[in-house]
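Engineer:
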Amino acid sequence: MDILDAVFVFKMHILFLLTLAFRLTVSFANRHPQFRSFDSTILVYENAKVGSSLVQFTVWDPEADKVTVTLQGQTANAVFHIMMHPPETGVSANLQKGELLLKSPLDREIISQYSLIVTATDGINTINKYPNVYVGDVNDNYPLFQGLPYQVTISEDAPPGTTVRTVAAIDKDEGIYGTITYRFAKGDERFYDVFAISKLSGAVVLYESLDYETQHSHLIEILAVDGGGLRTSTYLHVNVKDVDELPPVFSSNTYRILLKEEDNSIVNASFKGEPPILATDGDSGINAQLTYEIVNGSTIDNVTYFHINSTTGHIIPTRTLDRENIDFYNLTIKAFQTNRPNDRVTYSTVLIVVDDVNDHYPVLEQMLYNISIKENTPESIEVLVIKAFDGDLGSNAKLQFSLNDSSGAFKIDEETGRIVVKNSNVLDYETVKNLTLIVQAKENQSAELFESEEAVILVNIIDQDETEDNWYYVVIVVTASLLGTALFVVALTIVCAVITTKNKEKNKIHPINEVQTAPATDPEAPTVTDPSSQTPVQT
Numbered sequence: 001m002d003i004l005d006a007v008f009v010f011k012m013h014i015l016f017l018l019t020l021a022f023r024l025t026v027s028f029a030n031r032h033p034q035f036r037s038f039d040s041t042i043l044v045y046e047n048a049k050v051g052s053s054l055v056q057f058t059v060w061d062p063e064a065d066k067v068t069v070t071l072q073g074q075t076a077n078a079v080f081h082i083m084m085h086p087p088e089t090g091v092s093a094n095l096q097k098g099e100l101l102l103k104s105p106l107d108r109e110i111i112s113q114y115s116l117i118v119t120a121t122d123g124i125n126t127i128n129k130y131p132n133v134y135v136g137d138v139n140d141n142y143p144l145f146q147g148l149p150y151q152v153t154i155s156e157d158a159p160p161g162t163t164v165r166t167v168a169a170i171d172k173d174e175g176i177y178g179t180i181t182y183r184f185a186k187g188d189e190r191f192y193d194v195f196a197i198s199k200l201s202g203a204v205v206l207y208e209s210l211d212y213e214t215q216h217s218h219l220i221e222i223l224a225v226d227g228g229g230l231r232t233s234t235y236l237h238v239n240v241k242d243v244d245e246l247p248p249v250f251s252s253n254t255y256r257i258l259l260k261e262e263d264n265s266i267v268n269a270s271f272k273g274e275p276p277i278l279a280t281d282g283d284s285g286i287n288a289q290l291t292y293e294i295v296n297g298s299t300i301d302n303v304t305y306f307h308i309n310s311t312t313g314h315i316i317p318t319r320t321l322d323r324e325n326i327d328f329y330n331l332t333i334k335a336f337q338t339n340r341p342n343d344r345v346t347y348s349t350v351l352i353v354v355d356d357v358n359d360h361y362p363v364l365e366q367m368l369y370n371i372s373i374k375e376n377t378p379e380s381i382e383v384l385v386i387k388a389f390d391g392d393l394g395s396n397a398k399l400q401f402s403l404n405d406s407s408g409a410f411k412i413d414e415e416t417g418r419i420v421v422k423n424s425n426v427l428d429y430e431t432v433k434n435l436t437l438i439v440q441a442k443e444n445q446s447a448e449l450f451e452s453e454e455a456v457i458l459v460n461i462i463d464q465d466e467t468e469d470n471w472y473y474v475v476i477v478v479t480a481s482l483l484g485t486a487l488f489v490v491a492l493t494i495v496c497a498v499i500t501t502k503n504k505e506k507n508k509i510h511p512i513n514e515v516q517t518a519p520a521t522d523p524e525a526p527t528v529t530d531p532s533s534q535t536p537v538q539t
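Pasting the structure below:
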C-alpha cells in the first residue's frame, strides 16, 4: 500500500469518528420533553361545569423546542381537552404551561373513572403521562321505594313490637349520599302513638295496641331520606282485623324503669315501673284473675337479669347491672287470664334503662406515636389525629385534648385531636432533629374530670438536600476539551450513567408513614433569575 492509499484510509477513519461523534452529540442534544407538576391522580366531581380546569401542568424541553401536548383516545377527547398557554414574559423558554379542561358533563353513575394517556412531543422525541381521573359523587339521585304498593292487614290483638311491614328504598348515589334513613312524614303525629319505624331498616312496628272499634284502618305516610337531604314519600295502608272481645289489657303498652348501674340495692327489690305495670280484664270473678310472665328479654347469653312478680307484675332485678355491658333491656311481658292462658292474653313492653355512673377513665388509642416530617413543612399542615375513648355516656364521656410541646412547633384542636404545624421555623433539621410531644385526653363536663394517661409522640425531622449537580456539566466540558472527540464519547457515557443513578436515588418514594412535602428539585432543570433577589433559582 503506497502513501496515497494510507492517507485515504486515514481520512476515512477520521470521517467515521467525526460522523459517530456528531450523531451522539445530536442524540444528546435532542432530549425528550418532560412533564412536571402533573398529578397522576385527579379527582373531579360529577357536577363540575364544562370548561372547568382539572389540573395545571408544566412541560419542560431541554432545547426550548415547541412542545405539542395531546390526549389519546376517542373517549378521552370527547370528555376532556388539553389547552396550552403562550410563554409568559420573564419565564424560561424551556417551560411551557398547560391545563386539562372538562369538555363535556360527567355522570359518576355511568362512568366513575377515566384512564388517560397524555402525549408530549417536540417533533423528534415523545413522552407519555398516564393520569387517572376519578369522578366524585354528588347527591343527584332521589331514593326510590321498592315493592310498591304497601298494604297489610293486622289483627287488633297483635302485641307491641310486632313488625307490621318493612319498607325499602334504594339510592343510586354512593357513600353518605346513598345511605337512606326512614321516618314518618312531618305532621303525622297521630301515628307516633300507635306505630314506630326503624330509622335504618325501615321496619314499621306496633308501638301500642290497635283497636278495631276505634279505627278500622291507618294510612301512614313514610319518608325515605338520603344522606344529602333528598327525600321521597310513600304510603303504608294498614287494615285492622277485628277479634274476640274482653281479653286482659295492660294500662300501657310500654313501661319504663330507670336503674343505676353497679347498685347492689336493686337486687331482689321490686319496681312497679312508670306508669305502674298493671293489666285489667273487663270480665269479673275468676275470669278477671290475671297472671304475669316475662316472655323474652330478661335472659341474655343464658344469664337471667330480671323476674316478674306473677301477681303484681312488678319487675325484680336478680343481679347488679353494668351499663357498659348492656345499657338497656327490652322486656316483653304478658298478662293472661289464669283459667284461659292461651286465648285470653295480652302483651306489653318494659323498657329498662341503665343509668350511667362515671366509672371509666379516658383511654388514648395509642400510648406511643412515631412520625416523620420534613423540615420547613408549612404551617397548618395536619401531621396526626389523636383519638380517645371513654366507656361512659353523655357528659361523662365528653373529652378534650391537650398537647405539651415546649418547642412551639405544633398545636392541637381540643375537640377533634387534630395536630397541625404551628411554627414551621422550628422544623429545621440543622437546629433540631427530633422532638418529643406529650398528649392527653381529659373529661371536661363530668364532675370527676378524669384524665387519660399521657401518650408520647416522637417526631423525626427529615433533612432536605437541595445541592445542585452542576459539577456534572463541568466534567463534560473539561473532558471534551482535553480528550478530543472520540474519548469524549466514553466520558459522556460515564457521566450520563452517574446522573441517571443519582436521579433514581433522589426520586425514591418515601415510606407512607412519613409526612410528604414537595419532591427534591431536579438537578437538570434550567435556571431563571428571581427579579427580587437576582439569584438563580431552579424552575
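Using the UniProt record's numbering, the first residue of the sequence shown is number 1, and each one after it goes up by one. No residue lacks a Cβ here, since even glycine has one placed at the ideal position from N, Cα and C. Please read all numbers here as calculations on a predicted model, not as lab measurements.
1) Assuming contact is defined by CB atoms lying nearer than 8 angstroms, are Thr-254 and Leu-351 in contact in what I supplied?
2) Can you tell me whether Asp-281 is buried or exposed, with buried defined as 16 or more other CB within 10 angstroms of its CB?
3) For Lys-129, write down the residues that DSSP places opposite it in a beta bridge.
4) Measure from the alpha carbon of Asp-173 to the alpha carbon of each residue in Asp-140, Ala-447, Ser-112, then state which is nearest.
5) For the alpha helix (DSSP H) holding Gln-74, just list the boundary residues, first then last.
6) Entirely within the region 194 to 232 and at least 3 residues each: give me those beta strand (DSSP E) ranges in chain order.
7) Grouping DSSP H, G and I as helix and E and B as strand, with all else coil, what is Gly-147?
8) Applying the 10 Å Cβ sphere with the 16-neighbour rule, what's the burial state of Asn-358?
9) Ignore the nearest five residues each way along the sequence and tell me which others in Ile-462's own chain have a CB closer than 6 angstroms to its CB.
10) Would Tyr-150 be called buried (16 or more neighbouring beta carbons within 10 Å of its own) or exposed?
11) Here's the rule: buried if 16 or more other CB atoms are within 10 angstroms of the residue's CB, otherwise exposed. What is Ser-395?
12) Classify Leu-443: buried if its beta carbon has 16 or more other beta carbons within 10 angstroms, exposed otherwise.
13) Please classify residue 546 as buried or exposed, where buried requires at least 16 other C-beta atoms within 10 Å of its C-beta.
14) Using the rule of at least 16 other Cβ atoms within 10 Å of the residue's Cβ for burial, across every protein chain shown, is Asn-18 buried or exposed?
15) How should Thr-299 be labelled, buried or exposed, when 16 other C-beta atoms within 10 angstroms of its C-beta is the threshold for buried?
16) How about Pro-341 and Leu-259: are their beta carbons less than 8 angstroms apart?
17) Considering only the beta carbon of each residue, do Tyr-134 and Thr-41 sit closer than 8 angstroms?
18) So what does DSSP say about Ile-3, is it helix, strand or coil?
19) Just the C-alpha distance for Lys-387 and Ile-438, rounded to the nearest angstrom, thanks.
20) Could you please give the first and the last residue of the uninterrupted beta strand (DSSP E) stretch that includes His-360?
21) Looking at the strands, I want to know which residues DSSP matches up with Gln-445.
22) According to the neighbour-count rule (16 or more other Cβ atoms, all chains shown, within 10 Å of its Cβ), is Asn-309 buried or exposed?
23) Can you pull the DSSP bridge partners for Val-456?
24) Going by C-alpha distance, which of Leu-458, Ala-279, Asp-413, Ala-288 is nearest Gln-366?
25) Which stretch, first to last residue, makes up the beta strand (DSSP E) that contains Glu-109?
26) Is it true that the CB of Lys-129 sits closer than 8 angstroms to the CB of Val-118?
27) Grab the span of the beta strand (DSSP E) containing Tyr-142 for me, first residue to last.
28) What is the rounded straight-line gap between the Cα of Ala-409 and the Cα of Asp-390?
29) Let me check understanding here. Comparing Cα to Cα, which of Asp-171, Gln-96, Val-456, Arg-344 lies closest to Ile-286?
30) Over the uninterrupted beta strand (DSSP E) stretch that includes Arg-256, give me the two end residues.
31) Going by beta carbon distance, what residues of the same chain come within less than 7 angstroms of Glu-208, once the five residues before and after it are set aside?
32) For Val-515, count neighbouring Cβ atoms within 10 angstroms of its own Cβ and tell me buried if that reaches 16, exposed if not.
33) Sorted by chain position, which residues of the same chain lie with C-beta nearer than 6 angstroms to Gln-445's C-beta, five sequence neighbours on each side aside?
34) Using DSSP bridges, identify the partner residues of Gly-136.
35) Within the chosen definition, does the region 167 to 182 reach the region 205 to 220 through at least 3 CB pairs nearer than 8 angstroms?
36) If you draw a straight line from the C-alpha of Gly-417 to the C-alpha of Ser-424, how long is it?
Structural biologist: A quick look at the data gives this:
1) yes
2) buried
3) Val-118
4) Asp-140
5) 74 to 79
6) 195 to 197, 203 to 206, 217 to 226
7) coil
8) buried
9) Ser-372, Lys-374
10) buried
11) exposed
12) The question names Leu, yet the displayed sequence has Glu at residue 443. Buried.
13) Missing from the structure shown is residue 546; the chain here goes from 1 to 539 and no further.
14) Correcting the residue type first, residue 18 is Leu in the shown sequence and not Asn. So Leu-18 counts as exposed.
15) exposed
16) no
17) yes
18) helix
19) 14 angstroms
20) Element bounds for His-360: n/a, residue is neither H nor E.
21) According to DSSP, which records beta bridges pairwise, Gln-445 is partnered with nothing at all.
22) exposed
23) Leu-368, Ile-438
24) Leu-458
25) Where Glu-109 is concerned, there is no enclosing beta strand (DSSP E), given that its DSSP letter is neither H nor E.
26) yes
27) Careful: Tyr-142 lies outside any beta strand (DSSP E) and carries neither H nor E.
28) 29 angstroms
29) Arg-344
30) 254 to 260
31) Pro-160, Asp-193, Val-194, Asn-253
32) Low local confidence applies: a pLDDT of 36 at Val-515 is under 50, so the model's placement there is unreliable, with the coordinate-based value given in what follows. The residue in question, Val-515, is buried, as its Cβ has 16 or more Cβ neighbours within 10 Å.
33) Ser-395, Lys-398
34) Tyr-45
35) no
36) 20 angstroms
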